[in-house]
Structures are given as C-alpha cells and as structure tokens.
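Visitor: First the structure, then my questions, so here it is.
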Amino acid sequence: MSTTTSTLKMKLLIDTKANRVLFAEVDKDVVDFLFSLLALPVATIVKMLGKGSMFGSFGNLYRSVEKLDDTYVLPGADKEAVLQPKVVPSAARSLLLPAPSSAQAMSFFRCSYPAFTSCYNNVTDARGTKCPSCCSNKMNTALKFVAPVAEGSSTGAGKGLVKGVVTYTVRDDLTVTPMSTISSMTMLNTAAVTDFTALQEKTVRLGYTEGLQIVKASLQSKTVLTDVFLGNKRPRGAA
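Structure below.
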C-alpha cells in the first residue's frame with residue numbers, strides 16, 4: 006500500500022494538568038478525512054491496520070475467511086469479495102489513507118446487446134450477469150463512473166463533503182461541529198476546565214501514520230485525539 010500522501014495539520018487545545026486534548030481546530034480537509042472513514046468497509050480497515058493489531062475479534066474473522074478451505078465455499082461465491090470488498094470510487098478516496106493497492110474498485114455493467122429499451126435501465130456490478138429484460142444477453146458492457154462535483158465549483162473545490170470556508174472543531178471523541186466562540190466555551194465548560202492557565206495550543210501533523218492511529222483508536226476509545234497525540238500517560242483520576 007502506498008504511503009505517499011498529503012500531510013494535514015490540527016491545532017490542539019490541551020489541558021496540560023489532565024494531559025488530555027479538549028478539542029482541535031481543523032479545516033475542511035481534516036473533516037473530509039474523518040468522515041471518509043465511515044465509507045471504509047470493515048475488511049479494508051482490518052487489512053490496513055494489520056490483522057494482529059485489530060481490537061476485539063474482527064482480526065479473527067478476517068483470518069478465518071483467509072484460511073477457509075474452498076471446499077466449504079459455495080459455488081460462485083468469492084472469498085476475495087469479502088476480504089477485499091468493492092467500494093464506490095468516490096467513497097474510497099481519502100487524502101491520507103489510500104485503499105490497499107490490491108483493493109478492487111467497483112465497476113458497473115449494462116446489457117451488451119440491449120434488445121429492449123428497458124435493458125438500459127439495468128445495471129450490475131458483476132460482469133456477466135444475465136440481463137433481466139431480455140433474459141438472454143449478458144451484462145458485459147462497462148459503464149464509466151462519474152464522481153459528483155459541486156455545481157459551479159472550480160477544480161478541486163467541490164471534492165469531499167463539507168465546505169472549505171468554515172473552521173471546524175473536533176472533540177477528543179471525534180465529535181465534529183462548525184467552530185464558534187460559543188461552542189468553544191461550551192466545550193470548555195463541559196470539560197470542567199477551571200484553570201485556564203493550564204491550557205496550551207499545539208499544532209500537530211496529521212499524516213499517514215497518524216491517520217492509521219486514529220482509525221485504530223476510534224475502534225477502541227472515546228479519547229482518540231489524546232491517545233494518538235499525547236499517548237495514554239494520563240494522571241490518575243483524570244476525566
């Protein structure tokens with residue numbers, strides 16, 4: 006898997022007494038990266054993190070499918086479809102975590118010989134499927150997937166999910182909201198911060214390695230930013 010990717014930045018607000026990240030100020034690219042994690046199939050996450058590093062039992066499930074003898078697999082079923090699930094290209098793209106090089110991009114096909122107008126209404130992601138309209142021809146003609154782009158946007162401006170003119174906050178548990186003075190104060194109150202002199206800003210790098218760490222921590226913890234950027238060395242009794 007290629008690790009040649011862009012590097013983003015996050016501005017953390019840290020409670021140095023409790024050694025915890027209260028929240029981070031981020032831009033559109035970081036938010037798009039975090040939201041893109043929701044589109045990753047579990048099997049893809051297991052493959053990226055490594056089967057041995059998975060929390061819980063997902064790694065065991067992955068290994069079980071890998072080791073399953075073909076004798077027990079249904080005719081026509083494909084183990085690789087489970088281990089390397091197809092994803093829609095626009096959902097698979099990520100600024101920091103490219104899909105494994107062996108991952109299958111989803112393809113779509115229509116009837117190769119549309120005898121009826123209704124044939125054009127049928128699409129499949131499995132090449133060779135019989136067309137349900139003409140019942141005799143196979144759906145082998147590949148279709149080109151066109152990723153959506155925001156109307157009126159310039160090149161690259163319409164990529165991702167959120168708008169780029171806004172600053173966002175990401176809490177320690179990865180709750181994401183548009184940033185405002187009121188929301189920042191609310192988060193400080195919720196975190197029961199009383200000593201404002203203990204607060205410290207720190208800008209950190211968010212690259213491929215940190216991205217993988219966030220994926221792993223998000224499956225295990227509700228203090229993701231603290232775990233990734235400060236480690237787990239927290240004072241006893243810290244919230």
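According to the working numbering, the stretch in the sequence shown is residues 6 to 244, in order.
Beta carbons: idealized from backbone N, C-alpha and C, even for Gly.
Computed from a predicted structure; not experimentally measured.
Spatial neighbours of V36 within its chain, please: CB distance less than 7 angstroms, with the 5 preceding and 5 following residues excluded, ordered by chain position.
Guide: For this step, residue 36 is matched to residue 31 along the sequence shown. Contacts found: V167, Y173 and V181.
Visitor: Measure the alpha-carbon distance for S226 versus K33 and round it to whole angstroms.
Guide: Here residue 226 is taken as the residue at index 221 of the sequence shown, counted from 1. Here residue 33 is taken as the residue at index 28 of the sequence shown, counted from 1. When rounded, the distance between both Cα atoms is 24 angstroms.
Visitor: Give every residue of the same chain whose Cβ lies closer than 8 angstroms to the Cβ of T146, excluding the five residues on either side of it in the sequence, and list them in chain order.
Guide: Along the sequence shown, read from residue 1 onward, the residue named residue 146 stands at position 141. Around T146: F114, R115, C116 and S117.
Visitor: Could you check whether A203 and K22 sit closer than 9 angstroms to each other, using their CB atoms as the reference points?
Guide: By one-based count along the sequence shown, residue 22 stands at place 17. By one-based count along the sequence shown, residue 203 stands at place 198. Against a cut-off of 9 angstroms, the Cβ pair of A203 and K22 comes out as a contact.
Visitor: Suppose you measure from the CA of L45 to the CA of M53; what does that come to, to the nearest Å?
Guide: Translated into the one-based positions of the sequence shown, residue 45 becomes position 40. Translated into the one-based positions of the sequence shown, residue 53 becomes position 48. Straight-line Cα distance between these residues: approximately 10 angstroms.
Visitor: Taking Cβ to Cβ, would you say V171 is nearer than 9 angstroms to P183?
Guide: Working through the sequence shown from its first residue, we reach residue 171 at position 166. Working through the sequence shown from its first residue, we reach residue 183 at position 178. It is a contact, given that the beta carbons lie within the stated cut-off.
Visitor: Distance check for D20 and E206, CA to CA, integer angstroms please.
Guide: Working through the sequence shown from its first residue, we reach residue 206 at position 201. Working through the sequence shown from its first residue, we reach residue 20 at position 15. Going from the Cα of E206 to the Cα of D20 covers about 9 angstroms.
Visitor: In the DSSP assignment, find the unbroken beta strand (DSSP E) run with K52 in it and report its ends.
Guide: By 1-based counting over the sequence shown, the position of residue 52 is 47. Segment V47 to L54 is the alpha helix (DSSP H) holding K52; no beta strand (DSSP E) there.
Visitor: Taking only runs that begin and end inside the segment 143-223, name each unbroken beta strand (DSSP E) of 3 or more residues, in chain order.
Guide: Fully enclosed beta strand (DSSP E) runs of 3 or longer: 146-148, 173-176, 181-183 and 204-211.
Visitor: Applying the 10 Å Cβ sphere with the 16-neighbour rule, what's the burial state of Y77?
Guide: Start at 1 with the first residue of the sequence shown, and residue 77 comes out as number 72. Burial call: exposed.
Visitor: Using three-state DSSP, classify V31 as helix, strand or coil.
Guide: Here residue 31 refers to the residue found at position 26 when the sequence shown is read from its first residue. Here V31 sits in strand by DSSP.
Visitor: DSSP on K72, reduced to helix/strand/coil?
Guide: The sequence position of residue 72 within the sequence shown is 67, counting from 1. Helix, per DSSP.
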